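Here is the structure we will look at.
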Ligand code: ADP
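Numbering (our numbering), first residue to last: 6 to 223.
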């Protein structure tokens with residue numbers, strides 16, 4: 006079972022390709038942004054704290070994100086044997102903490118998939134998404150800020166994972182099918198693709214008031 010970290014600037018395609026990767030491998034999709042938006046939608050105190058950061062395009066503090074995400078990652082790995090982390094880790098302290106916990110639990114990641122595209126393309130994709138999904142943080146000013154936060158806080162993870170020998174860098178400035186073909190080759194070379202008749206649908210993990218729930222969509 007595959008354990009992947011998706012790394013990309015906002016608009017780089019980690020959501021789109023992360024979702025596809027989970028469908029092909031049976032690993033659970035853990036999207037930090039989706040988890041945070043679900044918490045905000047619940048209207049909890051935690052959600053209100055989170056919204057103060059996400060609305061500005063700032064990162065949620067490491068301690069807060071680790072307390073929300075780590076139980077979900079552990080549950081995902083327990084339920085499916087793997088995970089595709091979409092949006093986490095996003096800072097060096099998050100990456101180091103996740104790696105420590107991974108060693109304790111015998112869960113080390115197979116690869117960090119780094120998706121790149123030129124900045125004007127990223128902005129265009131996010132503005133396009135804003136029209137479709139109406140996400141509160143997809144306005145031009147907040148998009149520019151999120152790109153700057155990526156460059157400052159998250160880009161150092163590229164060298165961190167390269168040094169660990171698990172970085173896979175792919176351009177998404179080309180048709181989606183070409184990116185998928187490269188990802189498929191990578192997975193097949195490692196025997197990580199599930200046969201078509203065993204594809205489980207899209208599985209994602211969400212925290213609930215009593216623990217973590219696995220959601221399965223065809
Ligand atoms: P994008 O990659 O387009 O910025 P996400 O849905 O991944 O979108 O994240 C949306 C927001 O959620 C981020 O701008 C940030 O405020 C918050 N967030 C998501 N993941 C993390 C994380 N690992 N650490 C801190 N904040 C996070």
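The beta-carbon is built from N, C-alpha and C at its ideal position, and this holds for glycine as well.
On a predicted model such as this, the values are computed, not experimentally measured, just so you know.
For residue i, count the other beta carbons within 10 Å of its own beta carbon; 16 or more makes it buried, fewer makes it exposed. Which is it?
i	result
residue 142	buried
residue 113	exposed
residue 220	exposed
residue 46	exposed
residue 256	No answer is possible for residue 256: the residues shown for the chain start at 6 and end at 223.
residue 65	buried
residue 116	buried
residue 157	exposed
residue 154	buried
residue 91	buried
residue 15	buried
residue 179	exposed
residue 23	buried
residue 170	exposed
residue 87	buried
residue 130	buried
Got a sec? Which residues, its chain only, sit under 6 Å from residue i by beta carbon, not counting five neighbours each side?
i	result
residue 147	62
residue 29	198
residue 44	51, 52 and 55
residue 94	100 and 103
residue 166	117 and 172
Based on the DSSP output, what are the partners of residue i in its beta bridges?
i	result
residue 97	None, per the DSSP bridge assignment.
residue 171	The partner list for residue 171 (beta bridge, DSSP) is empty, contrary to what the question assumes.
residue 222	207
residue 35	90
residue 116	9
residue 59	Per DSSP, none; premise fails for residue 59.
residue 121	176
So, for residue i: in the same chain, excluding its five sequence neighbours on each side, which residues have a beta-carbon less than 7 Å away from its beta-carbon?
i	result
residue 48	none
residue 75	106
residue 102	71
residue 124	152
residue 85	6, 31, 32, 33 and 208
residue 161	97
Leaving out five residues on either side along the sequence, give the residues of the same chain with a beta carbon under 8 Å from the beta carbon of residue i.
i	result
residue 17	120, 121, 122, 127 and 177
residue 27	33, 34, 89, 207, 208 and 209
residue 175	118, 119, 120, 121, 184, 187 and 188
residue 110	79 and 82
residue 144	135
residue 192	7, 26, 29, 30 and 198
residue 132	143, 145 and 148
Tell me the residue span of the alpha helix (DSSP H) that contains residue i.
i	result
residue 138	124-138
residue 190	181-194
residue 75	67-85
residue 23	19-30
residue 145	145-154
Since residue i is in the beta strand (DSSP E), which residue starts that stretch and which ends it?
i	result
residue 91	88-91
residue 11	8-12
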